[in-house]
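In what follows, a structure is listed as structure tokens, so that the remarks can point back to it.
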Amino acid sequence: MNSNDTICALATAPGGALGIIRISGPQSVEILSRIFSKDLTTAQPNTIHYGHVVATPHDGSLTNGQSVASQSPSTSEVIDECMVSIFRAPHSYTGEDSVEISCHGSRYILNKVIELLIQNGCRMAQPGEYTQRAFLNGKMDLSQAEAVADLIASSNKATHQMAMSQLRGQFSSELSQLREQLLRLTSLLELELDFSDHEELEFADRSELLSIANKINNRITTLAHSFETGQALKNGIPVAIVGKTNVGKSTLLNKLIRDDRAIVSSVHGTTRDTIEDTIDINGVTFRFIDTAGIRQTTDEVEQIGISRTYSAIEKARIILWIFDTNPSAEEIKETLERTKDKSLIIIRNKIDISPSQNLHQSAIPGLNDIPVIEISAKKGVNIDKLEQAIFESANIPELSEQDIIVSSARQYQSLVKAHENLSRVLYGLETGLSGDLVSEELRLVLDDLADITGQGRIVPNEVLGNIFTHFCIGK
Ligand SMILES: Nc1nc2c(ncn2[C@@H]2O[C@H](COP(=O)(O)OP(=O)(O)OP(=O)(O)O)[C@@H](O)[C@H]2O)c(=O)[nH]1
Ligand SMILES: [Mg+2]
């Protein structure tokens, strides 16, 4: 990958009314002018021009910035009528000279324009190369570059807010505040070292240093914890639908996703494998997992299905436990035991045929705190109430652009490393370890945080590759 190359790629998905081709690099405007009906080499930056992309008989044999405008119209073929935007470094997405050609969305036109650009000196861009160039040219840091991919992939309000906040630099500025506090801590420690011979001087005492380090550590831990929420928001919050056979789990899944996805029958043990699908509730994606009903069985396949039910419970964040008739106290106790660390919602289904009864609520400690929702999955009664309860139990804070939710595994790993190194700093401060050893650990924390944004660090090509190969071509 040579950053002096001028690159081109289609930036829009095929099939739309328009297609946008992006060019970036030092030769952008010159190469464009070789295939465009106007010479734009002296055009003002940030201007838009109407004209034609034109193929000459020898497809791009023009050189030296010579525009097809100077060619006889009879010898050239008009490929499309286009609008062309001109950007000049550093005021562009990549920070380089750039051009965007808005064409009609025909596959033929778009392929032809790209072919002409390549014949005239462009190279086809690699995945994420525009954003990578933006990073290398200091237009954004690494965490913002990752947010570009998240923003494009965002499919609802929550994932949009999350990506937008990161793209606009909330996370970066939080990290730079943490770095400042860490630097202050380092300088206080180093002051102590420099003047350690002067007993008459007073330095910040260790308890004050400890309190600063603790505050930083708390913030880093909170950021690291937000990764779980970030993952849940990105992939859909997992909700397992569990219960005995024939209680109506598959009927409920179909009702929630408004589709006949799972087979429903009065035969016990209909569902064998887990079945998943997603819906959005109040702008947040939930991933529902219908499971095999729990019962004693000698059927080998069903047993495998039931063991999958238990692993679905473990992986889920919310459990919908369904009963149809009044469950025994023992059954409820087992349910509570299995779902200890989860948000549990108990559902009494089939209220259209079996009247409401009191669960053994008073007899079972802890059950009073758990919502019990009465529904008819078949008739669609109280499904809206259930959706609301599911949304509430997910406990998703109302996200604003100020909220920081860590969404990349790379960022999370750096935060975890920072936390581990900071724990050693805390230990060192508590146990009276010498200042130079503590400040060495502090430097590691600073490096871990710098890895997240890539600023002031040499980012290895391997790391860049890992980030940008997940992008599409044209991003
Ligand atoms: N009357 C009534 N019948 C229901 C309701 N929900 C489900 N059923 C019926 O109960 C039977 C079992 O429904 P399923 O959705 O297949 O039950 P399941 O829990 O997925 O069963 P397994 O996959 O065998 O574990 C079917 O005949 C459904 O039509 C309901 O709200 N009211
Ligand atoms: Mg089923």
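Each residue of the sequence shown is one higher than the one before, counting from 0 in numbering that gives the first Met the number 0.
Positions of the beta carbon are idealized from the N, C-alpha and C atoms, including for glycine.
Report the rounded CA-to-CA distance for residue i versus residue j, giving the unit in angstroms.
i           : j           : result
residue 18  : residue 40  : 23 Å
residue 155 : residue 149 : 11 Å
residue 327 : residue 170 : 50 Å
residue 146 : residue 450 : 15 Å
residue 348 : residue 322 : 6 Å
residue 370 : residue 345 : 6 Å
residue 317 : residue 263 : 23 Å
residue 458 : residue 55  : 43 Å
residue 102 : residue 275 : 40 Å
residue 252 : residue 394 : 21 Å
residue 82  : residue 124 : 21 Å
residue 116 : residue 35  : 10 Å
residue 287 : residue 180 : 43 Å
residue 265 : residue 422 : 57 Å
residue 119 : residue 27  : 10 Å
residue 128 : residue 177 : 30 Å
residue 214 : residue 392 : 29 Å
residue 219 : residue 29  : 48 Å
residue 257 : residue 141 : 40 Å
residue 472 : residue 226 : 27 Å
residue 324 : residue 353 : 7 Å
residue 410 : residue 48  : 41 Å
residue 110 : residue 7   : 11 Å
residue 105 : residue 16  : 8 Å
residue 143 : residue 172 : 11 Å
residue 231 : residue 77  : 50 Å
residue 45  : residue 86  : 5 Å
What do you get for residue i, buried or exposed, if any count of 16 or more other CB atoms within 10 angstroms of its CB means buried?
i           : result
residue 408 : exposed
residue 401 : exposed
residue 374 : buried
residue 107 : exposed
residue 99  : buried
residue 339 : exposed
residue 470 : buried
residue 14  : exposed
residue 245 : buried
residue 300 : exposed
residue 460 : exposed
residue 162 : buried
residue 92  : buried
residue 528 : Since the first residue shown for the chain is 0 and the last is 474, residue 528 is missing from the structure and cannot be characterised.
Quick one: residues in its chain with C-beta nearer than 7 Å to the C-beta of residue i, no 5 flanking neighbours on either side, listed in chain order?
i           : result
residue 280 : 386, 389, 390
residue 222 : 403, 405, 414
residue 184 : 208, 211, 212, 441
residue 174 : 448, 451, 452
residue 282 : 155, 156, 157
residue 233 : 158, 406
residue 2   : 132, 135
residue 126 : 467, 468, 470, 471, 472
residue 463 : 131
Mind checking whether the beta-carbon of residue i lies closer than 6 Å to any heavy atom of ligand 2?
i           : result
residue 270 : yes
residue 377 : no
residue 349 : no
residue 265 : no
residue 206 : no
residue 254 : no
residue 243 : no
residue 248 : yes
Can you find the residues in the same chain that come closer than 6 Å, C-beta to C-beta, to residue i, ignoring five residues on each side of it along the sequence?
i           : result
residue 205 : 428
residue 291 : 270, 271, 304, 305, 308
residue 138 : 94
residue 136 : 94
Would the beta-carbon of residue i be found less than 6 Å away from any heavy atom of ligand 1?
i           : result
residue 304 : no
residue 103 : no
residue 18  : no
residue 352 : yes
residue 292 : yes
Can you name, in chain order, every residue of its own chain whose Cβ lies under 8 Å from the Cβ of residue i, other than the five neighbours on each side?
i           : result
residue 438 : 185, 188, 189, 192
residue 455 : 449
residue 446 : 456
residue 235 : 277, 284, 285, 286
residue 320 : 241, 242, 334, 338, 343, 344, 345, 346
Using a C-beta cutoff of 7 Å, does residue i count as contacting chain D?
i          : result
residue 48 : Going by chain labels, chain D is absent from the structure shown, which holds only one protein chain.
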